[in-house]
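Okay, structure first, notes after.
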Amino acid sequence: MWSTFAIVFTIGLLAGSANSIVEKLQFQTGAFGVDGIYHLFEKPWFMSLIMFVAMLLALPVYYLLVWRRYIKMDKVNKHIFFVVAIPSLFDLLGSSFQAIGLVYTPVSVFQMLKGSILIFSAALSVLFLHRKMYRHNWAGVIICVIALIFVGMSSVASRENQTQVVSLGKLLLGICFIVGGQIVCASQYVIEEFLLKPPHDVSPVALVGLEGFWGTILMVAVALPIVGSLHGGDVGGVIENTRDSFVMLYNDPAIMWLTVSFVVSVFVFNLCGVMVTATASAVHHTFLDATRTILIWIVSVLMFYVAPGKGLGEPLTSWSLLQLIGFVMLIYGELLYDEIVKLPFGLHEKEPVSAFRSFKGDFIFLVGFGTTSSSERPSYGVSSRTKAGPWNPFQQGETTIIAERC
0 MWSTFAIVFT
10 IGLLAGSANS
20 IVEKLQFQTG
30 AFGVDGIYHL
40 FEKPWFMSLI
50 MFVAMLLALP
60 VYYLLVWRRY
70 IKMDKVNKHI
80 FFVVAIPSLF
90 DLLGSSFQAI
100 GLVYTPVSVF
110 QMLKGSILIF
120 SAALSVLFLH
130 RKMYRHNWAG
140 VIICVIALIF
150 VGMSSVASRE
160 NQTQVVSLGK
170 LLLGICFIVG
180 GQIVCASQYV
190 IEEFLLKPPH
200 DVSPVALVGL
210 EGFWGTILMV
220 AVALPIVGSL
230 HGGDVGGVIE
240 NTRDSFVMLY
250 NDPAIMWLTV
260 SFVVSVFVFN
270 LCGVMVTATA
280 SAVHHTFLDA
290 TRTILIWIVS
300 VLMFYVAPGK
310 GLGEPLTSWS
320 LLQLIGFVML
330 IYGELLYDEI
340 VKLPFGLHEK
350 EPVSAFRSFK
360 GDFIFLVGFG
370 TTSSSERPSY
380 GVSSRTKAGP
390 WNPFQQGETT
400 IIAERC
């Protein structure tokens, strides 16, 4: 019999893997647009809007849980309410950059390059949060850098074998957008950690929902009008035509259902990511991200060979071995950074807090409910906080990280 934690972890794994795969499938699916011409649904900015709408669903869930458990909700701090708009802006830019990069890169390469966020978040944490880096942290970062070089090299070298061949310039542009998106997202996570720490103590679930609220407003009022007016390569000669996006959704049920699937997968993964970290630890969230990366690669390869000639997935090439080596190094670097594995030859330094703790106590359905068997948890680039009474979205809560949005 599976434990509740194992079930939630598995659901998070499937939903997280579906995020990138479904979005890539959308970019590879075509339909008739507003101009009556058949073209691919390459709409990264529109998909960022859909992502924020999915995150916004966390707030109705909170209100439903408040109603079901009769929890009195405290008044929202206006200062915090508006400050959350800052990480929402970073989330908008970072997610949009990543979506643009995904248009020009294989989904497995996209997912692996997202591992570079560890490098930038570590650097920003040292610069702005004055966090101490141990030997295993630096070793993990260096290994991740080498791994990302291998992954990038394999992508460039095997571009002719991809299902949708793109020019070298576009491929490099896609890689730059993905890495640039990680820099922006790392900045976002540093700001989020600042909000999660005292004296602010914003609950992670509330932060996800509020970022969805502000992100939706920023997309509708600012981002989409700008990309819809500047010169570009989309329909109407603009960067991205939002009206064309809705017309394509209406004209092609496949794109419509892929969009619905994307909303569900983002929403479920955000909740599962928070629950995994709150119920176990941030270390287990590392396992979740690492496992979904290899699952995405396996599914992409299977899609290519199960549906040949459909332009889906990606094939195995002579450069896949280099990509595999890069992937293994990337996972090892992440595990080393999180102290799941230790440096050999006695080089490992003692941490003040162990990376592991026992999984005890009852399962918490959402972060903040009930109590835990441990009053402290290790910090992995996030705040370490103790429980203080019934849960509400602006109350001190569990150690956690904000789940990955894409």
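Numbering (numbering that gives the first Met the number 0), first residue to last: 0 to 405.
Beta carbons: idealized from backbone N, C-alpha and C, even for Gly.
At a cut of 8 Å, does the segment 178–187 reach the segment 32–39 through at least three beta carbon pairs?
Judged by Cβ distances under 8 Å, the segment 178–187 makes no contact with the segment 32–39, as fewer than three pairs qualify.
Proximity of L301 and Q25 at Cβ, strictly below 8 Å
The residue given as residue 301 occupies position 302 in the sequence shown. The residue given as residue 25 occupies position 26 in the sequence shown. No Cβ-Cβ contact shorter than 8 Å links L301 with Q25.
To the nearest whole angstrom, what separates the beta carbons of L335 and I142, a pair I think is in contact under 8 Å?
As a position in the sequence shown, residue 335 is number 336, starting the count at 1. As a position in the sequence shown, residue 142 is number 143, starting the count at 1. The pair is a contact, with the Cβ atoms about 7 Å apart (cut-off 8 Å).
Hey, out of G168, F81 and I10, whose CA is closest to L209's CA?
The residue labelled residue 209 in the question sits at position 210 within the sequence shown. Cα-wise, what sits closest to L209 is F81.
Based on DSSP bridge pairs, tell me the residues matched to F31.
Along the sequence shown, one-based indexing puts residue 31 at 32. Under DSSP, the beta-bridge partners assigned to F31 are Y37.
Excluding the 5 residues flanking I116 on each side, which residues of the same chain have their C-beta closer than 8 Å to its C-beta?
Within the sequence shown, numbered from 1, the residue matching residue 116 stands at position 117. Excluding residues up to 5 positions away in sequence, Q181, C184, A185 and Y188 lie with their Cβ nearer than 8 Å to the Cβ of I116 in the same chain.
Using DSSP with H/G/I as helix, E/B as strand and the rest coil, what is V340?
Stepping through the sequence shown from its first residue, residue 340 is reached at position 341. In the displayed model, V340 falls within coil according to three-state DSSP, outside both helix and strand.
One question on the structure: do V83 and P43 come within less than 8 Å of each other, judged by their Cβ atoms?
Within the sequence shown, numbered from 1, the residue matching residue 83 stands at position 84. Within the sequence shown, numbered from 1, the residue matching residue 43 stands at position 44. Taking 8 Å as the cut-off, the Cβ atoms of V83 and P43 do not count as close.
Taking the alpha carbon of M111 as the point to measure from, which residue in Y331, F326 and L91 has its own alpha carbon closest?
For the purposes of this step, residue 111 is identified with residue 112 of the sequence shown, where counting begins at 1. Proximity to M111 across Y331, F326 and L91 peaks at F326, based on C-alpha coordinates.
Residue span of the alpha helix (DSSP H) that contains L128, given as start and end:
Stepping through the sequence shown from its first residue, residue 128 is reached at position 129. Where L128 is concerned, there is no enclosing alpha helix (DSSP H), given that its DSSP letter is neither H nor E.
Buried or exposed for T204, going by 16 or more other Cβ atoms inside 10 Å?
By one-based count along the sequence shown, residue 204 stands at place 205. First, the amino acid is wrong: residue 204 is Val here, not Thr. In summary, V204 is buried, with 16 or more beta-carbon neighbours lying within 10 Å of its beta-carbon over all protein chains present.
Measuring CA to CA, which of H129, G232, I118 and L167 is closest to A146?
The count along the sequence shown starts at 1 and reaches residue 146 at position 147. It is I118 whose Cα lies nearest to the Cα of A146.
Evaluate Y62 with the Cβ neighbour count: other Cβ atoms within 10 Å of its Cβ, from every protein chain shown; 16 or more gives buried, anything less gives exposed.
By one-based count along the sequence shown, residue 62 stands at place 63. Exposed.
Alpha helix (DSSP H) containing S47: first to last residue?
As a first step, residue 47 is located in the sequence shown; it is residue number 48 there, counting from the start. For S47, the enclosing alpha helix (DSSP H) covers residues P43 to L55.
Residues bridged to H199 by DSSP?
Reading the sequence shown from its first residue, position 200 is the one you call residue 199. H199 pairs with nothing; no bridge assigned.
Find the nearest neighbour of Y37 within the set S264, E338 and S244, judged by alpha-carbon distance.
Position 38 of the sequence shown, counted from the start, is the residue given in the question as residue 37. For the residues S264, E338 and S244, the minimum Cα distance to Y37 belongs to S244.
Which residue wins for smallest C-alpha separation from V207, given the options T316, L123 and V265?
On the sequence shown, position 208 is the one that residue 207 refers to. Nearest of T316, L123 and V265 to V207, Cα basis: V265.
Helix, strand or coil for V234? Go by DSSP, reduced to three states.
As a working mapping, residue 234 is identified with position 235 in the sequence shown. Per DSSP, reduced to three states, the secondary structure at V234 is coil, with no helix or strand assignment.
With hydrogens ignored, establish whether the beta-carbon of V178 is closer than 7 Å to any heavy atom of the ligand ADP.
Annotation note on the ligand ADP: not contained in the displayed structure, which lists no ligands.
Determine the contact status of S47 and M218, defining contact as a CB-CB distance below 8 Å.
Here residue 47 refers to the residue found at position 48 of the sequence shown. Here residue 218 refers to the residue found at position 219 of the sequence shown. Less than 8 Å separates the beta-carbon of S47 from that of M218.
If you draw a straight line from the C-alpha of L167 to the C-alpha of V155, how long is it?
By 1-based counting over the sequence shown, the position of residue 167 is 168. By 1-based counting over the sequence shown, the position of residue 155 is 156. When only Cα atoms are considered, L167 and V155 end up about 7 Å apart.
For R291, count the other beta carbons within 10 Å of its own beta carbon; 16 or more makes it buried, fewer makes it exposed. Which is it?
Numbered from its first residue, the sequence shown carries residue 291 at position 292. By the neighbour-count criterion, in which 16 or more other beta carbons inside 10 Å mark a residue as buried, R291 falls on the buried side.
Under three-state DSSP, which class holds P314?
As a first step, residue 314 must be located in the sequence shown, where it is residue number 315. In the structure shown, P314 sits in coil (DSSP, three-state: anything other than H, G, I, E or B).
Could I get the ranges of all uninterrupted alpha helix (DSSP H) runs contained in the segment 102–128, with 4 residues as the minimum, in chain order?
Entirely contained in the segment 102–128, the alpha helix (DSSP H) runs reaching 4 residues are, in chain order, 106–112 and 116–127.
Roughly how many whole angstroms lie between the Cα atoms of L294 and V226?
For this step, residue 294 is matched to residue 295 along the sequence shown. For this step, residue 226 is matched to residue 227 along the sequence shown. Going by the C-alpha atoms only, they are around 34 Å apart.
Please list the terminal residues of the continuous alpha helix (DSSP H) segment that includes F244.
Reading the sequence shown from its first residue, position 245 is the one you call residue 244. For the sequence presented, residue 244 should be read as Ser rather than Phe. For S244, the enclosing alpha helix (DSSP H) begins and ends at T241 to N250.
So, do the segment 124–143 and the segment 336–343 have three or more beta carbon pairs nearer to each other than 8 Å?
Yes, since at least three Cβ pairs between the segment 124–143 and the segment 336–343 fall closer than 8 Å, the two stretches touch.
Buried or exposed: where does H129 fall if 16 or more other Cβ atoms within 10 Å of its Cβ makes it buried?
Taking the sequence shown and counting its residues from 1, one reaches residue 129 at position 130. By the Cβ-count criterion, H129 is exposed, with fewer than 16 other Cβ atoms from all chains shown falling within 10 Å of its own Cβ.
Between V178 and L91, what straight-line distance do the alpha-carbon atoms span, to the nearest angstrom?
As a working mapping, residue 178 is identified with position 179 in the sequence shown. As a working mapping, residue 91 is identified with position 92 in the sequence shown. The alpha-carbon atoms of V178 and L91 are separated by roughly 15 Å.
What are the boundary residues of the alpha helix (DSSP H) that includes L229?
Locating residue 229 in the sequence shown gives position 230, where the first residue counts as 1. Unbroken run through L229: none, as it is neither H nor E.
Same chain, Cβ closer than 7 Å to S95, five either side skipped, listed in chain order:
As a first step, residue 95 is located in the sequence shown; it is residue number 96 there, counting from the start. Closer than 7 Å at the Cβ level, and outside the excluded window around S95, lie P43, W44 and S47.
Which of the three DSSP states is assigned to S166 in this structure?
To locate residue 166, count along the sequence shown from 1; it is residue 167. Three-state result, S166: coil.
My guess is that G211 and L55 are in contact by the Cβ rule of under 8 Å, so how many angstroms apart are they, rounded?
Here residue 211 corresponds to residue number 212 of the sequence shown, with the count starting at 1. Here residue 55 corresponds to residue number 56 of the sequence shown, with the count starting at 1. Contact check for G211 and L55: beta-carbon distance about 3 Å, within the 8 Å limit, so the pair qualifies.
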